[in-house]
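**Student:**
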Amino acid sequence: MVQTVYNFGGGAEHGDPRQKDKTVVGGKGANLAEMASIGLPVPPGFTITTEECRRFSASGVLHAELREAIAAALERVETSVGRRFGDTANPLLLSVRSGAAQSMPGMMDTVLNLGLNDDTVRGLAGASANERFAWDSYRRFIQMYGDVVMGVDHGCFEEALEIAKEERGFLNDTELDAGDLRALVDTYKDIVRREAGAPFPQDVHEQLAEAIAAVFRSWNSERARIYRRLNAIADDCGTAVNVQAMVFGNRGENSATGVVFTRDPATGERTAYGEWLPNAQGEDVVAGIRTPQYLTRRHRERAGAKAPSMEEALPRVHAELTRYLDLLERHYRDMQDVEFTVEEGDLYLLQTRSGKRTAAAALRMAVDMVAEGLINEEDAVLRVEPMALDQLLHPTLDPDASREVLCRGLPASPGAATGRIVLDAATAEAWAARGEHVLLCRTETSPEDIGGMHAARGILTTRGGMTSHAAVVARGMGRPCVCGASDVVIDMAARSVTIAGHRLAEGDAITIDGSSGEVMAGTVPTREPELTGAFGDLMLWADRHRRMRVRTNAETPDDCAAARRFGAEGVGLCRTEHMFFQPDRIRAVRRMILAGSAAERDAALDALLPAQRADFARIFEIMAGLPCTIRLLDPPLHEFLPHSDADFDDLLEPGGPSRETLMRRAAELREVNPMLGHRGCRLGITYPEIYAMQARAIFEAACDVADATGSAPVPELMIPLVATAAELAIVRDKVEAVAREVMAGRGRALPYSVGTMIELPRAALTADAIAAHADFFSFGTNDLTQTTLGISRDDAGSFIHTYLDQGIFTRDPFVGIDRDGVGRLIRMAAELGRGASATLKLGICGEHGGDPDSIAFCEEVGLDYVSASPYRVPIARLAAAQASLRARRSAGPAA
Ligand code: PEP
Ligand code: MG
0 MVQTVYNFGG
10 GAEHGDPRQK
20 DKTVVGGKGA
30 NLAEMASIGL
40 PVPPGFTITT
50 EECRRFSASG
60 VLHAELREAI
70 AAALERVETS
80 VGRRFGDTAN
90 PLLLSVRSGA
100 AQSMPGMMDT
110 VLNLGLNDDT
120 VRGLAGASAN
130 ERFAWDSYRR
140 FIQMYGDVVM
150 GVDHGCFEEA
160 LEIAKEERGF
170 LNDTELDAGD
180 LRALVDTYKD
190 IVRREAGAPF
200 PQDVHEQLAE
210 AIAAVFRSWN
220 SERARIYRRL
230 NAIADDCGTA
240 VNVQAMVFGN
250 RGENSATGVV
260 FTRDPATGER
270 TAYGEWLPNA
280 QGEDVVAGIR
290 TPQYLTRRHR
300 ERAGAKAPSM
310 EEALPRVHAE
320 LTRYLDLLER
330 HYRDMQDVEF
340 TVEEGDLYLL
350 QTRSGKRTAA
360 AALRMAVDMV
370 AEGLINEEDA
380 VLRVEPMALD
390 QLLHPTLDPD
400 ASREVLCRGL
410 PASPGAATGR
420 IVLDAATAEA
430 WAARGEHVLL
440 CRTETSPEDI
450 GGMHAARGIL
460 TTRGGMTSHA
470 AVVARGMGRP
480 CVCGASDVVI
490 DMAARSVTIA
500 GHRLAEGDAI
510 TIDGSSGEVM
520 AGTVPTREPE
530 LTGAFGDLML
540 WADRHRRMRV
550 RTNAETPDDC
560 AAARRFGAEG
570 VGLCRTEHMF
580 FQPDRIRAVR
590 RMILAGSAAE
600 RDAALDALLP
610 AQRADFARIF
620 EIMAGLPCTI
630 RLLDPPLHEF
640 LPHSDADFDD
650 LLEPGGPSRE
660 TLMRRAAELR
670 EVNPMLGHRG
680 CRLGITYPEI
690 YAMQARAIFE
700 AACDVADATG
710 SAPVPELMIP
720 LVATAAELAI
730 VRDKVEAVAR
740 EVMAGRGRAL
750 PYSVGTMIEL
760 PRAALTADAI
770 AAHADFFSFG
780 TNDLTQTTLG
790 ISRDDAGSFI
800 HTYLDQGIFT
810 RDPFVGIDRD
820 GVGRLIRMAA
830 ELGRGASATL
840 KLGICGEHGG
850 DPDSIAFCEE
860 VGLDYVSASP
870 YRVPIARLAA
880 AQASLRARRS
890 AGPAA
């Protein structure tokens, strides 16, 4: 029979490999077992497997064998701590926490202090000789259990607590004495009876079973589902449940709780960075209810804080903790995020996990750890999340720009963000959906705010520390965040904020700098990032390990230059129509498409030729000998048609066609379904002069640049929207004729190639025939996704989220490649194409070329290169390296 429950700590075995497998016991469970097995002080407990969560989700009940296994595991915990669960003299209390294979911080439920009832609370008071502590624990337990298990709004309890404080004229919970808390417990029990329609359960075993069931249920809560969708975590993994003996950080001044990172999660600096609170329970640090204190004296002094660091207040415990942190880092060979509790001078580690970090920190740590000999270059390349680089590639505040700093908070997640103030998550989502840049401004955030945090450019909170929900989630999402900005006062009723005396309304612009913690009035200009130091080192290693080439989708000189700075190895897609839309050219383009005769068309094309030639020459110069794929005109002529009276007036010229004639021709060219209409190579077939002009411009530019620089550019002419081999054969012949003519005229023989996009299912299905006329294929996965799924890429936005919510798609197929459908066509086309032509080069230039998961797919299919927009180039370089390394590692040492 498969084991369903595993004990850890307190002398448990930890021998079964399943107990170190995150998919079985979750990340937290695996790490608790690991920590216990290397001798670290972990309170004993047990983990119920994720398999049981899946079983529970299907049946809705904890089945009898599981209940028996839990009872047996509990008995072992009782034996190891020497206390019994439900004992009225000296009760064992438990924490019940979720723990999935992939960390989902704050998304699922937790119950602490479980096992308290009207009798055991007295036992706890006696055993701890601290009546206040016992009643405080009980009222916290009723609130948590009432909320998580019985569905009572936690606001009801908070309101009662506020009233109790008000009645006594107190500001802090800590001022309430044992008598106050005992009265509050009665009030809380009344609230439960009133709100849930049932009494608060006194049977501790019922409490345990119900709490476990509630944690299992929380796997499917709405916020957990949203989080999984945003982080591409599958819905069917389930969470494990960890039941553990409670240790208390709130048993007096010799007790404490805290969170510590083994290195600084914001900068990557090799120094433990943490926060602690004396006489507090674990959740107090995360919830941001009390402002935490610095762990080390150095950090406290640097911040100019008064409250003592743990290093100063509890030096012996701090030294012990430092030793354990060092051990954990060497054991896991990665930065750890550790939760600890000190109970009356005894230190316990409650959890360790690989710590979330900013991209800058991830880079620095990876590079430092190679230098320290903890990991090797390959590990470093695999360790940095490619999409995280995005944080480093985006602008920071221009240091020379003037700014009005209104106040300062904690620099919780780096990068600068400007946006209009919004005061709640729903508004953030609504305004962002209509294209506004918004900045979410909250007292503190909670998991319910996750959608709004994602929609916002940045996040500003007035309360909470570097490990508060806002800080942790913002770093994970790569959103700039300033938190704990206590000079910001939010007035929800008036929908306004006052920042250090300045009153601003919701909708007013502010700027935050998540690297310095500054909050500024209005919009402050930003500046491009530097790509040196650890970034440069890691990219160098990534390039050493990647097989696929990385090119860019770019057509303007600025974009080409940016892409080269980011390491692009050529242009994978130059969309020439972008050059047609420029204001100075559109008139010639319109004259060309509305021409009544070949002569009129030639005249218009003659006007375009020099402009195109100059564009191409500029690209060839910037790319300096690297291959450049230039796609001939693709979009429907429909898109260039004049609309307004002024557009038509602009086209009139002496001796030219009349206004009426132009309007009639424009009407004739309008299409019902232009995306499937007169576009792509169909234009080249019906109006061969257009492609001939573009080919001439390309070859002449290549000759010009070769003459001027002495190095020959490598033009690759790409034909769009090919469905049949015959189309490509016809267009190719014409292009080659132009090449011969230009080169003969210039007395040169420059290398060039002609290929096609594969962006229609028919092209993929007949790729062998098409390959006979192509030097390369470039998968245009935007159109290929559109035509394979029959979903308009321009209209999908209005319904795709419903498809994602219902699990029909796990990712938007226009963002991540649909492996089973579109992917299958790509695989088939690659095989057919290569079968027909061994020298055929294969690449991808749809948006998927910059998406790490799709890049992994491209590696599997064996493409030669991916092409991504300039800012995605470093991401693609790293993702391609990771794909190569993973492929090599899974092929084994012989590969
Ligand atoms: C594509 O269809 O994937 C492509 C790159 O072309 P465009 O986006 O210009 O249609
Ligand atoms: Mg396309």
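Counting with numbering that gives the first Met the number 0, you get residues 0 to 894 for the letters of the sequence shown. Backbone N, C-alpha and C define an ideal beta-carbon position, used for all residues, glycine too. All of these numbers come straight from a predicted model, not from anything done at the bench.
Could you check if P90 is buried or exposed, using at least 16 other CB atoms within 10 Å of its CB as the buried criterion?
**Tutor:** Classification for P90: buried.
**Student:** Do you know whose CA, among K27, T173, Y137 and V147, lies nearest P104's CA?
**Tutor:** Selected option, being the one with the closest Cα: K27.
**Student:** Just reading off the beta strand (DSSP E) that H453 is part of, what are its end residues?
**Tutor:** Run containing H453: none in the beta strand (DSSP E); it sits in the alpha helix (DSSP H), I449 to A454.
**Student:** Indicate whether V135 and T87 have their beta-carbon atoms separated by less than 9 Å.
**Tutor:** The question names Val, yet the displayed sequence has Asp at residue 135. No, these two residues do not count as a Cβ contact at 9 Å.
**Student:** Helix, strand or coil for A894, going by three-state DSSP, please let me know.
**Tutor:** With a pLDDT of 42 at A894, under the threshold of 50, the modelled position of that residue is not reliable, and no figure is offered here.
**Student:** Looking only at its chain, what residues have a beta carbon closer than 6 Å to the beta carbon of T531, apart from the 5 residues adjacent to it on each side?
**Tutor:** If we look at T531 and ignore the five residues flanking it on each side, it has no Cβ neighbours.
**Student:** For D15, which three-state DSSP category applies?
**Tutor:** Three-state result, D15: coil.
**Student:** Cβ of G779 within 8 Å of any heavy atom in the ligand PEP?
**Tutor:** G779 Cβ: within cutoff of the ligand PEP.
**Student:** With a cut-off of 8 Å on the beta carbons, I'd call L207 and L93 a contact; round off their distance for me.
**Tutor:** L207 to L93, Cβ: 7 Å. Contact.
**Student:** Could you give the DSSP three-state label for L651: helix, strand or coil?
**Tutor:** Reduced to three states, the DSSP call for L651 is coil.
**Student:** Sort A711, R574, L640 and T3 by Cα distance to M622 and report the nearest one.
**Tutor:** Taking only the C-alpha atoms, the option nearest M622 is A711.
**Student:** In chain order, what residues of the same chain have a beta carbon less than 6 Å from the beta carbon of R545, not counting five sequence neighbours either side?
**Tutor:** So the list reads A879, A880 and S883, once near-sequence residues are dropped.
**Student:** What would DSSP say about I37, mapped onto helix, strand or coil?
**Tutor:** Here I37 sits in coil by DSSP.
**Student:** Can we count R574 as close to the ligand HEM, meaning its CB is less than 8 Å from some heavy atom?
**Tutor:** This structure does not include the ligand HEM; its bound ligands are the ligand PEP and the ligand MG.
**Student:** Examine the ligand MG and report whether any of its heavy atoms sits within less than 8 Å of the Cβ of P719.
**Tutor:** Yes, Cβ of P719 sits closer than 8 Å to a heavy atom of the ligand MG.
**Student:** Within 10 angstroms of the Cβ of F798, are there 16 or more other Cβ atoms? Answer buried if so, exposed if not.
**Tutor:** F798 comes out exposed.
**Student:** What residue range does the alpha helix (DSSP H) around V184 cover?
**Tutor:** It spans A177 to A195 - the alpha helix (DSSP H) in which V184 sits, taken as one unbroken run.
**Student:** What residues in its chain sit with their C-beta under 8 Å from that of E130, if we drop five residues either side in the sequence?
**Tutor:** Closer than 8 Å at Cβ, skipping near neighbours: A124 and A177.
**Student:** Considering M309, what are the terminal residues of the alpha helix (DSSP H) in which it resides?
**Tutor:** It spans M309 to A312 - the alpha helix (DSSP H) in which M309 sits, taken as one unbroken run.
**Student:** Quick check: what's the CA-CA separation for A886 versus R761?
**Tutor:** For A886 and R761, the distance between alpha carbons rounds to 30 Å.
**Student:** Output the distance between the C-alpha atoms of K305 and A520, rounded to the nearest integer angstrom.
**Tutor:** Approximately 29 Å, taken between the alpha carbons.
**Student:** To the nearest whole angstrom, what separates the beta carbons of F813 and E846, a pair I think is in contact under 8 Å?
**Tutor:** Rounded, the Cβ-Cβ distance is 7 Å, consistent with contact.
**Student:** In the DSSP output, which residue or residues are listed as bridge partners for R574?
**Tutor:** In the DSSP output, where bridge partners are listed per residue, R574 has R630.
**Student:** Going by alpha carbons, who is nearest to D896 out of D793, A766 and A567?
**Tutor:** A question about residue 896 goes unanswered here, because the residues of the chain that appear run from 0 up to 894.
**Student:** If you pair each beta-carbon of the region 825 to 841 with each one of the region 763 to 772, do three or more pairs fall below 8 Å?
**Tutor:** Yes: the two stretches touch, three or more of their Cβ pairs being nearer than 8 Å.
**Student:** Between C844 and the ligand PEP, is there a pair consisting of the residue's CB and a ligand heavy atom that are separated by less than 8 Å?
**Tutor:** Yes - the ligand PEP has a heavy atom lying nearer than 8 Å to the Cβ of C844.
**Student:** For the beta strand (DSSP E) that contains H501, what are its first and last residues?
**Tutor:** Its beta strand (DSSP E) spans residues H501 to A504.
**Student:** Cβ of D817 versus every heavy atom of the ligand PEP: is any distance shorter than 8 Å?
**Tutor:** Result no, Cβ not under 8 Å from the ligand PEP.
**Student:** Output the boundary residues of the alpha helix (DSSP H) element that contains W218.
**Tutor:** First-last for W218: undefined, no H or E at that position.
**Student:** For the ligand PEP, any of its heavy atoms closer than 8 Å to the Cβ of E554?
**Tutor:** Result no, Cβ not under 8 Å from the ligand PEP.
**Student:** If you check the beta carbons only, do G44 and A100 fall under 9 Å apart?
**Tutor:** No, the pair does not count as a contact, with Cβ atoms beyond the cut-off.
**Student:** With 16 other CB atoms within 10 Å as the buried threshold, where does A894 fall?
**Tutor:** Confidence at A894 is low in this model, with a pLDDT of 42, below 50, so its placement is unreliable and the value that follows should be read with caution. Exposed, since its Cβ has fewer than 16 Cβ neighbours within 10 Å.
**Student:** At a Cβ threshold of 9 Å, is T295 touching chain E?
**Tutor:** In the structure shown, chain E cannot be found, because there is only a single protein chain.
**Student:** Given this structure, state the Cα-to-Cα distance separating D638 from G820, to the nearest angstrom.
**Tutor:** Position check: residue 638 holds Glu in this sequence, whereas Asp was assumed. Between E638 and G820, the C-alpha separation is close to 30 Å.
**Student:** Consult DSSP for E715 and reduce its assignment to one of helix, strand or coil.
**Tutor:** Three-state result, E715: strand.
**Student:** Please state if the CB of T266 and the CB of A159 are separated by a distance shorter than 9 Å.
**Tutor:** No, the pair does not count as a contact, with Cβ atoms beyond the cut-off.
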